[in-house]
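What follows is a set of notes on a single structure, which appears directly below.
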Amino acid sequence: MISNSASWVLDTDCGAHICNDLQALQRSRKLSKDEMILRLGDGKAVAAEAIGSLSLVISNHVRIDLKDCFFVPSMVKNIISIPMLDSDDVCGPLSIPARGGFSYFITFTDDHSRYGYVYLMRYKSEAFGRFKEYRLEVENQTNRKKKPFDRTEGVNT
0 MISNSASWVL
10 DTDCGAHICN
20 DLQALQRSRK
30 LSKDEMILRL
40 GDGKAVAAEA
50 IGSLSLVISN
60 HVRIDLKDCF
70 FVPSMVKNII
80 SIPMLDSDDV
90 CGPLSIPARG
100 GFSYFITFTD
110 DHSRYGYVYL
120 MRYKSEAFGR
130 FKEYRLEVEN
140 QTNRKKKPFD
150 RTEGVNT
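Just so it is clear: in the sequence shown, position 30 is 29 by numbering that gives the first Met the number 0, and no numbers are missing.
Structural data, given as structure tokens:
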């Protein structure tokens with residue numbers, strides 16, 4: 000498990016979770032040379048060296064589990080891909096939108112209490128905003144501040 004949230008960036012445009020610490024990956028497997036080439040926002044291509052899952056602890060009460068996280072040692076910051084949270088946390092689009100035009104929803108689980116939170120969204124790109132709402136709600140309930148997250152300015156609707 001990793002608990003240093005300062006080195007992580009939430010990215011609404013990235014198509015993969017990426018970390019720069021091989022020891023952080025659980026159940027990892029080494030990738031063959033050029034098995035997975037990732038193209039960065041600046042156009043550069045980098046080869047992922049391994050893939051695995053990772054548990055990111057934001058606080059004593061909040062944990063994010065990342066599946067299919069790629070190890071790229073040259074990355075300066077680690078990336079949480081909002082679109083890749085789709086398999087576990089973001090659901091949609093729904094074939095019939097909910098009342099109010101909501102076509103997506105995102106779930107969070109408090110790791111300490113196992114209490115679940117569900118937030119409705121019109122667009123998948125609202126996921127970061129809902130995460131901030133969740134974080135604020137947990138901070139208010141526990142009277143503990145969380146470490147801040149950075150994020151990119153990409154938009155994915």
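The beta-carbon is built from N, C-alpha and C at its ideal position, and this holds for glycine as well.
Taking the alpha carbon of residue i as the point to measure from, which residue in the options has its own alpha carbon closest?
i: R244; options: N139, Y133, Q140; result: Within the shown structure, residues of the chain are numbered from 0 to 156, placing residue 244 beyond reach of any answer.
i: A49; options: K43, A15, G40, N139; result: A15
i: S31; options: F70, S94, T106, P82; result: F70
i: Q22; options: G51, F104, G128; result: G51
i: V137; options: M120, K123, Y116, G128; result: Y116
i: L65; options: K123, Y118, I17; result: I17
i: V89; options: A47, T108, K123; result: K123
i: D20; options: A47, P82, P96; result: A47
i: R129; options: A44, Y114, I81, W7; result: I81
Tell me the residue span of the beta strand (DSSP E) that contains residue i.
i: Q25; result: 25 to 29
i: L119; result: 115 to 120
i: L37; result: 36 to 38
i: F101; result: It is not in any beta strand (DSSP E) - F101 carries neither H nor E in the DSSP assignment.
To the nearest angstrom, how far is the alpha carbon of residue i from that of residue j?
i: S112; j: V56; result: 14 Å
i: G100; j: K29; result: 43 Å
i: R121; j: M74; result: 32 Å
i: D87; j: D12; result: For D87, the predicted model reports a pLDDT of 47, less than 50, meaning its position is unreliable; a value from the coordinates is still stated below. Distance between the alpha carbons of D87 and D12: 18 Å.
i: D41; j: K76; result: 14 Å
i: I36; j: F104; result: 31 Å
i: C68; j: L24; result: 8 Å
i: L135; j: E125; result: 16 Å
i: I79; j: R98; result: 30 Å
i: E34; j: P72; result: 16 Å
i: Q140; j: Y118; result: 17 Å
i: P92; j: L39; result: 27 Å
i: D85; j: P96; result: Because D85 carries a pLDDT of 46, less than 50, the predicted location of this residue cannot be relied on, and no value is offered for it.
Along the chain, where does the alpha helix (DSSP H) containing residue i start, and where does it finish?
i: L135; result: 126 to 141
Identify the residues that DSSP records as bridge partners of residue i: which are they?
i: G51; result: C68
i: D10; result: S80
i: I95; result: DSSP output for I95 lists no bridge partner at all.
i: A44; result: R38
i: V89; result: I105
i: V56; result: R62
For residue i and residue j, which I take to be in contact (beta-carbon distance under 8 Å), what is that distance rounded to the nearest angstrom?
i: L53; j: F127; result: 19 Å between Cβ atoms; not a contact.
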